[in-house]
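Below is one structure; the comments refer to it alone.
Protein chains: 4
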Amino acid sequence: MNNIDKRKLRMAMVGGGHGAFIGAVHRIAAQIDGQISLCAGAFSQDAQRSIDSGISLFLPEDRCYRSYQELITCEAKKPLDQRIDFIAIVTPNHLHFDIAKMALEHGFHVLSDKPATFNLNQALALKKIIEKTNQLYALSHAYTGYPLVKHAKNLVNENVLGNINKIVVEYSQGWLAPSEDDTSKQASWRLDPKQSGISCCMGDIGVHAANLAEYISGLEITRVCADLAPVVEGRQLDDDGTVLLRFNNGAKGVLMASQISTGEENDLRIRIYGDKASIDWSQLAPNTLWLKINHQSAQMIRTGVGHFSDNVIKAVRTPAGHPEGYLEAFANIYSNFAEQIRAFNKNHTVSNTQFDVPGIDEAIRGMAFIENVVRSNQTESKWSTFTI
Amino acid sequence: MNNIDKRKLRMAMVGGGHGAFIGAVHRIAAQIDGQISLCAGAFSQDAQRSIDSGISLFLPEDRCYRSYQELITCEAKKPLDQRIDFIAIVTPNHLHFDIAKMALEHGFHVLSDKPATFNLNQALALKKIIEKTNQLYALSHAYTGYPLVKHAKNLVNENVLGNINKIVVEYSQGWLAPSEDDTSKQASWRLDPKQSGISCCMGDIGVHAANLAEYISGLEITRVCADLAPVVEGRQLDDDGTVLLRFNNGAKGVLMASQISTGEENDLRIRIYGDKASIDWSQLAPNTLWLKINHQSAQMIRTGVGHFSDNVIKAVRTPAGHPEGYLEAFANIYSNFAEQIRAFNKNHTVSNTQFDVPGIDEAIRGMAFIENVVRSNQTESKWSTFTI
Amino acid sequence: MNNIDKRKLRMAMVGGGHGAFIGAVHRIAAQIDGQISLCAGAFSQDAQRSIDSGISLFLPEDRCYRSYQELITCEAKKPLDQRIDFIAIVTPNHLHFDIAKMALEHGFHVLSDKPATFNLNQALALKKIIEKTNQLYALSHAYTGYPLVKHAKNLVNENVLGNINKIVVEYSQGWLAPSEDDTSKQASWRLDPKQSGISCCMGDIGVHAANLAEYISGLEITRVCADLAPVVEGRQLDDDGTVLLRFNNGAKGVLMASQISTGEENDLRIRIYGDKASIDWSQLAPNTLWLKINHQSAQMIRTGVGHFSDNVIKAVRTPAGHPEGYLEAFANIYSNFAEQIRAFNKNHTVSNTQFDVPGIDEAIRGMAFIENVVRSNQTESKWSTFTI
Amino acid sequence: MNNIDKRKLRMAMVGGGHGAFIGAVHRIAAQIDGQISLCAGAFSQDAQRSIDSGISLFLPEDRCYRSYQELITCEAKKPLDQRIDFIAIVTPNHLHFDIAKMALEHGFHVLSDKPATFNLNQALALKKIIEKTNQLYALSHAYTGYPLVKHAKNLVNENVLGNINKIVVEYSQGWLAPSEDDTSKQASWRLDPKQSGISCCMGDIGVHAANLAEYISGLEITRVCADLAPVVEGRQLDDDGTVLLRFNNGAKGVLMASQISTGEENDLRIRIYGDKASIDWSQLAPNTLWLKINHQSAQMIRTGVGHFSDNVIKAVRTPAGHPEGYLEAFANIYSNFAEQIRAFNKNHTVSNTQFDVPGIDEAIRGMAFIENVVRSNQTESKWSTFTI
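Chains as they are written, first to last, in UniProt numbering: chain A, 1 to 388; chain B, 1 to 388; chain C, 1 to 388; chain D, 1 to 388.
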């Protein structure tokens, strides 16, 4: 018997071996709420390294696999009451598609680190595979996991802002500033088109900003005017960019992303201006959301203080005044996905939207965003239509 | 064989059943880093409720115990390669001592929620039991788990501040303000001398403030002048208080704690002024530590930005700009304790200090703090000597 | 004819020659709103220096006097349409009383820099002189001039806070920290009992904090428990102190003042907690006033944003978002005093309260505050009754 | 004799009668430092209103003129030891040029409110008049008067930032948001092309942002890509806009200006990113300047704390911790101009740059900025070359 309501969900991880930052984040995020347990893994393309990593994570040796292919094949053969429920993919970008495809086709749900695929075509192909296999697919747009981001979305839905006229979203980092060393592990693959794709800055962080704007506002980008470039000489990919935006309701927007902003940590901030009110949220102070109305005192909405909808309340673990952060936001993606998997077991028609889980549609829009802004950057015309 | 280096440590929990806030916090904190696994529990004084809680946490039914006595007795009989390694105590205060005593005497390490005991005498007695049983004992003074609190302590140790002259520590909350309902579950036991002991505000939060001041400064309180009172009529215990302090190096101090500060969330803040520099840290923005020197620009030290000692670095899980919070700070207590337990297995003489784990000495000073300030509040003399 | 409605008021200044910080502040504050003009002065006890100072301020040489006695005598002999209307006193503290007395007795209104006198007895004597001469007297408690301080007072008056239970007021500076040089001009007279009186820190800044608390709350201090001391060895007067307070409605309070808080600029902050709401204001960000209510988002009240009473509106010169500061707050004392003088000319019974001008009553309470806390500091009893 | 070193400079004002916000600001700014005295004025195009305004400002009736023509003609006939030294122009924009021209040609220096003229051609013509008449001309770009803006410029000059790669400057207001009333006095003329010129938002505030970027960085804008529009239906002029920038060293930039940003006060902020460090300054907290370097704690530079160059020191009137604001920044323009006039009296070749006074060159670049961005907004090409 395999009553998944009576046990933790079983996760396998592909990628995320020793020294990989994002693998550890996924493991924490997955297991923090006691709904999911890491049970297997292929943590590296190097077989020995993969096994060593699994053992150091206290996994049984027979579930530390030498490759993702081995993992998927072996787990698929296990009886239902032992085999894993889903696979988390945390490898470099160019491998995401193949792993997701194989996992889905062997009957495993997938949670993939962002970006979903190497390019838009792969994302579109992946959508077909998901539909055909009828497995679940989640994408780790972790910033949408913050409780006050969800509350901001609620405020938009409840028309507290009125019609939205303007969105300013920015994501600034300094880790690829001219003073930094491009040969560090992180820098070298981010700046390599073979591993990163056609964009560094927009692909890595601009896409988060675009996703956040669309997530909160409920709007879609329809036109772009992009100004991207490698600021540091000799780089093949953009390390900075600004994109003028139009949304499908006519609203104007500005998206700024930069990795050469000396001294900035990880400064993702969004401001949305409506007819009636505006909001302002920054990832560096994620438990504060500003709500501003002309001729009134600004309201400092704080996590846990006041009344919130259920989807916000369940995204918080502690009482007001006990700061939660990035790992908890990330965990909310996993928790919602776990809930979706449990529901799926009863009813195979659950949708990601229903469970507030970013999925293949966000993946496609993200990959399209990257391709559209790179294309716009190459033209001399001001505005390009956003196409998928 | 029981090589605890090759597996997660096994924890049992006493208390923390359905609806108990702090139990969930302990479970997250214990398991977040993948070093500890919840394996058993007696989650409630109500046997059925205990078992239901355990099952909902996906524990095997045979390790969901009907009482802590049953838990300790049964686990103690299990072979070494199955039995739990330590017990986390998260019950109401008045039960802490009995459970800790029984656990220690059956050969289990203990991590206790704060306060350690119901009064100072129990804490002193507990110390003797710990020494006699030679088991490990940790106390969840979670705020000392914040990376920048540890860095602040380092700055003091490295004499960056010079001689310390003044400490201002405050802990403000509004949840027991006059407008609130005293019959809520949290309020009613906090304000009940039978469950809370001789102090509400000082026992609950003042003691955290005192601990933080002594932890960072490395100093000890030697004299107090207390002004405590129930601000809200009809209450038997203090809901607000201020204590003038003297430290063992002659430094002056002020400790303010309040639960009737309308509109405050959980505002723990400490400022330490030395000859050469001062620091300022607030729990509401825990990833920022201010370092100030006369005639120089203040430095905003941020988690992960710049150079830190190893004890700080290992207390952080994510790169700069990815906020960590209360749960991660709490987890650092558990992680250090886990490390201490693993070391203990090799060498039975490890000390809490060595692993930066708050223990019975902090427990004793905390209970003494409560008794000293309550006594001072009752006298008409200004200064009372802090005695243990 | 001397229709003072048709001209600027004429001010003479005593003290404030070259290099005196506070003299320049008074000149700016007096003249910023175009209602007052500096027309004469005795700027120094050194006759030549006084004349040189006046000339550098573009005064006619015949109104640059060699002493305050000469100034008062000569101006008193001038015809009404030429002579000055009031005298601003900005000398060291120990001279305030004699100058004020002579000015009042010669028919001049007085605006005195704080503290009004050298000790409480002088302040009490001064009150009698004021009453006898029926001249106006203003005291420069400049921090009460900030628009949002006035708004805070209004909020209290309108019962937005409910009954006040707790007041925390603090005033921290670092300029007398141990690392500083006591022989600087400012430091040497502040720390000299002959020039400063019986207290340095409490007399200089603690008294501002006490005044601010009483001004906003409308309450009076009735009991004190003081802990004052020179932190830096060798000083004769306190450079740091904390005072526990009781107010006449039973509210508790804490007043902290310090000049040895390394790295602090001029950090005056007040929090007032009522049954229903609390406020929080800091002089370093004077255009922001926080209003907090349990279970609601905190409101960030900003100068010029929203609805304010007339007394607040007229204290602001620019639209929202154009920061005003200390000089404008100071100017509001002068502007209100100018209005009071103009009203006095029509009706000799105007009161300071009516024009929101700090006067002799605030002077007396301030001097009494200093004497009471110094006395309390010398006793071993916890509480002393505040007496005048 | 007319030794202007021995007296205050005499100013006449054109415009700024009852109810005009900016006139009062200029009067305060001019007179705050005791170097300048308002002596005459033509305060309104309505003769009676002009005279009434002058009298209410306590001017002698014979220097309250019925028109600016009368003012200039009459004052020019007065002997040197009585006539005014310069004229401040604070009328609506479309009158600036004619008044400045007539004043200069009658031998008066001019300080004009921003914008200098109605369009670029007038600004270019004005430059010729200034050169021909050899009078001084100042433009009130008040935000460059803030001490920490000057310090930021110094940091750039001292190469603390290294090569500048990116500038983000934004100026957000909410007072023309859709919820506001367009028929208010301020709104109606700002949105009227006959009074405002070809742009509302860019002309009113965008130009301040552009000036600030060029002032601090020492760079010049060379290319623009503008996205302007009236967000609120029915308006003839832009109320919001974003401009992508290139500077003459190749640096990228973004300039955002908006008057429809609901809830924003007057939020002018600039960030400049160099190879070595970055700065961040906001007008809403003008006494704080952030200096950030990768892998170091950010430095919070505060007005008056630490070491500054003389040009910064003389722009500050009070010690650290006493906030100065907009009026003082504005006054610094006047003070520098007063100093320039005094120097001019000795040596007729003084330049604006030498005295840090914005002048005709900034006026020309400002008007060119407006014309360039409006032109760019009308083209379908992405980039337009910035031309004058």
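Built from N, CA and C at the ideal position, the CB exists for glycine as well. A quick note: this is a predicted structure, and the numbers were derived from the prediction, not measured.
Fully enclosed alpha helix (DSSP H) runs of no fewer than 4 residues occupy 68-77 and 96-105 of the region 65-106 of chain B, in order along the chain. Along the region 295-327 of chain D, going in chain order, the ones with a CB nearer than 8 Å to a CB of chain C are Arg-302, Gly-304, Val-305, Arg-317, Thr-318, Pro-319, Ala-320, Gly-321, His-322, Pro-323, Glu-324, Gly-325, Tyr-326 and Leu-327. The C-alpha of C/Val-169 lies about 45 Å from the C-alpha of B/Phe-43.
DSSP lists A/Asp-227 and A/Met-256 as the bridge partner or partners of A/Thr-242. Taking the beta carbon of C/Lys-8 as reference, the chain D residues within 9 Å of it are Phe-58, listed in sequence order. A/Leu-176 has a beta carbon lying at 8 Å or more from every beta carbon in chain B. Separation of B/Gly-54 and B/Gln-45 (C-alpha to C-alpha, rounded to the nearest whole angstrom) is 13 Å. The region 60-69 of chain A and the region 32-42 of chain A touch, with no fewer than 3 CB-CB distances between them shorter than 8 Å.
Using a 10 angstroms sphere on the CB of B/Glu-380, the tally of other CB atoms stays under 16, which defines it as exposed. Annotation for A/Ser-140: Asp-113, Lys-114 and Ile-333 place their beta carbon closer than 6 Å to its own, counting only its chain and skipping 5 residues before and after. Close to C/Val-25, with beta-carbon spacing below 8 Å, are these residues of chain D in chain order: Arg-317 and Thr-318. Listed along chain C, no residue sits closer than 7 Å to D/Asn-332 by beta-carbon distance, the nearest being about 13 Å off. Look at the region 36-66 of chain B and you find these whole runs of beta strand (DSSP E), each 3 residues long or longer: 36-42.
For C/Arg-269, the three-state secondary structure derived from DSSP is strand. Spanning the alpha carbons of D/His-307 and B/Asn-93 requires a straight line of approximately 54 Å. For A/Trp-189, the enclosing alpha helix (DSSP H) starts and ends at 185-190. With a cutoff of 8 Å on beta-carbon distance, C/Phe-86 and C/Met-11 are scored as near each other. Close CB contacts of C/Asp-192 within its chain, under the 7 Å cut and outside five residues either way in sequence, are absent. When DSSP reads this structure, D/Trp-290 sits in a beta bridge with D/Asp-280 and D/Met-300. Neighbours of B/Glu-265 in chain A, taken as residues at a C-beta separation under 7 Å, are given in chain order as Arg-302, Val-305, Ala-320 and Gly-321. The C-alpha of A/Ala-285 is placed about 32 Å away from the C-alpha of B/Glu-362. Between B/Arg-271 and the set B/Tyr-326, B/Ser-376, B/Leu-161 and B/Gln-340, the nearest pair of CA atoms involves B/Leu-161.
Judged by DSSP secondary structure, A/Ser-172 falls within the beta strand (DSSP E) whose first and last residues are 164-172.
Per DSSP, reduced to three states, the secondary structure at A/Ile-221 is strand. DSSP places B/His-109 outside any alpha helix (DSSP H); the residue lies instead in the beta strand (DSSP E), whose first and last residues are 109-112. Between B/Val-231 and C/Lys-166, the C-beta spacing is below 8 Å.
The beta carbon of C/Asn-134 lies closer than 8 Å to those of His-348 in the same chain, with the five residues before and after it left out. Contacts with chain A at 8 Å (Cβ-Cβ) do not include B/Ile-270.
Between B/Gly-203 and A/Ser-184, the alpha-carbon positions lie close to 50 Å from each other. Close partners of A/Gln-48 in chain B (Cβ separation under 7 Å) are lacking, with about 18 Å as the shortest Cβ gap. For the pair B/Leu-244 and C/Asp-227, the CB atoms are nearer than the 8 Å cut-off. Under the Cβ criterion of 8 Å, A/Lys-153 is not counted among the residues facing chain D.
Close to D/Gln-31, with beta-carbon spacing below 8 Å, are these residues of chain C in chain order: Gln-31, Ile-32 and Gly-34. DSSP places B/Val-374 inside the alpha helix (DSSP H), whose first and last residues are 360-378.
For the pair C/Ala-251 and C/Leu-148, the Cα-to-Cα distance works out to about 23 Å.
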